[in-house]
Amino acid sequence: MLTPSQSHFKIFHTTCHTQWGGLEKRIFNEAMWMRNHGHDIIVAAPKNTPLLHKSRQKGFRTYEVDFKKSDMLSDYRFLSRVFANEQPDIVNTHGNEDSRIALLAAFREKIGCRILSRHISAHVRDSWYNRLIYKKYATYVFTTADYTTRHLKNVFNLNDRQVFSMPSGILPPETLPSKESAGKKLAKTLGCSPDTRFIGFVGRLSEDKGVTTLVKAFKQVLNHIPHHLVLVGNGPDAYREQLEKMIRDIEITSRTHFMGFTDDV
């Protein structure tokens, strides 16, 4: 149980996600920041994932948990043993599958602070099981946007002490190039004229990120602006192929660029 006199906490993060997108980066950045402020951080994630690898590189204690539906019972038993042994002050879950398992295990092990972090704005159904998760197993719900906070308040009748909007933080780079030099570097990478200007998307390439809408909008303004469109990030192969076909069909290939996953954005 958290006490007002505590200044340092043992925080246990879980996620079922396997990529290296905004969600995983938020977990990692928060973990780094929290450790720098004296807290003890533990990360549980699927094996052979970027988050687990980077967490180990930075010296965090980690646990491999795949959070597959077929292994829910064994994962629950494993986490129950881990929580009983570690006795974390806070358990913070970040995905659908791990929230179902880890929040229940933390609840039954009487972990006092159980946080469900909701990273997307997709609606949540008002089912009996979701009510258990959001109103009983989780003591707090963190969202990344006021829209999501309002939605969860309406669906589950949560109050201001149960759900909070908490935008994602970043770890600023030690050096940041000027907009002009960054633009020239990108133009050189893409084989464009040095004075080329860009409109960009950085993130997971998927339908729910609005990339299709961005591509269609770019087509509408193409003849009125000199910019090129740059799409940075990975996503499902089927969606990438769908985007590429659309770009060919609407004839904007010469001014649209896929860069794939890039660390130095």
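For the sequence shown, the residue numbers in the working numbering are 6 to 270. Glycine residues also receive a C-beta, built at the ideal position from the N, C-alpha and C atoms.
- Query: Is DSSP giving phenylalanine 147 helix, strand or coil here?
  - Reply: strand
- Query: Does the segment 36-48 touch the segment 58-77, meaning 3 or more C-beta pairs lie closer than 8 Å?
  - Reply: yes
- Query: Can you name the residues that DSSP bridges to phenylalanine 161?
  - Reply: Bridge partners of phenylalanine 161: none, in fact.
- Sequence ranges, beta strand (DSSP E) only - wholly within the segment 70-142, length at least 3: 95-98 and 118-123
- Taking the Cβ atom as the reference point for each residue, do lysine 214 and glycine 205 lie within a distance shorter than 7 Å? no
- Would you tell me roughly how many angstroms separate the C-alpha atoms of alanine 110 and arginine 61, rounded to the nearest one? 24 Å
- Compute the beta-carbon to beta-carbon distance between lysine 59 and phenylalanine 33, rounded to the nearest angstrom, for a pair I have assumed lies under 8 Å. 6 Å
- Message: What would DSSP say about arginine 245, mapped onto helix, strand or coil?
- Response: helix
- How far does the beta strand (DSSP E) with glycine 205 in it reach, from first residue to last? 203-207
- Task: Please state whether DSSP places arginine 66 in a helix, a strand or coil.
- Result: Looking at arginine 66 - three-state DSSP - the assignment turns out to be strand.
- Query: phenylalanine 263 lies in the beta strand (DSSP E); which residues open and close that run?
  - Reply: 261-265
- Query: Looking only at C-alpha atoms, which of Val70, Arg113, Glu69 and Asn101 sits nearest to alanine 89?
  - Reply: Arg113
- Hey, leucine 137 and valine 146 are a contact pair by Cβ (cut 8 Å); roughly how many whole angstroms apart? Between valine 146 and leucine 137 the Cβ distance is about 13 Å, and since that is not below 8 Å, they are no contact.
- Within the same chain, show all residues whose beta-carbon is closer than 8 Å to that of glycine 27, passing over the 5 residues directly before and after it, in chain order. His124, Ser173, Gly208 and Arg209
- Message: Quick test of your reading: phenylalanine 17 and isoleucine 47, contact by CB under 8 Å. State the CB separation rounded to the nearest angstrom.
- Response: 5 Å
- Item | Cutoff 7 Å; reference histidine 128; Cβ partners in own chain excluding five residues on either side | His156
- Task: Express the C-alpha separation of arginine 105 and methionine 77 in angstroms, rounding to a whole number.
- Result: Here the alpha carbon of methionine 77 sits roughly 9 Å from the alpha carbon of arginine 105.
- Task: Kindly indicate the opening and closing residues of the alpha helix (DSSP H) around threonine 218.
- Result: 216-226
- Whose C-alpha, out of Lys52, Asp103 and Ile116, is nearest the C-alpha of proline 93? It is Ile116 whose Cα lies nearest to the Cα of proline 93.
- Continuous alpha helix (DSSP H) stretch holding isoleucine 32: start and end: 27-41
- Message: Within 10 Å of its beta-carbon, does leucine 176 have 16 or more other beta-carbons around it, so buried, or fewer, so exposed?
- Response: exposed
- Query: Do you know how far the Cα of isoleucine 252 is from the Cα of asparagine 97?
  - Reply: 40 Å
- Query: When burial is assigned at 16 or more other CB atoms within 10 Å of the CB, is valine 226 buried or exposed?
  - Reply: Burial call: exposed.
- Item | Buried versus exposed call for alanine 168 [16 or more other C-beta atoms within 10 Å across all chains shown] | The sequence given here places valine at residue 168; alanine does not occur at that position. By the neighbour-count rule (16 or more Cβ atoms within 10 Å), valine 168 is buried.
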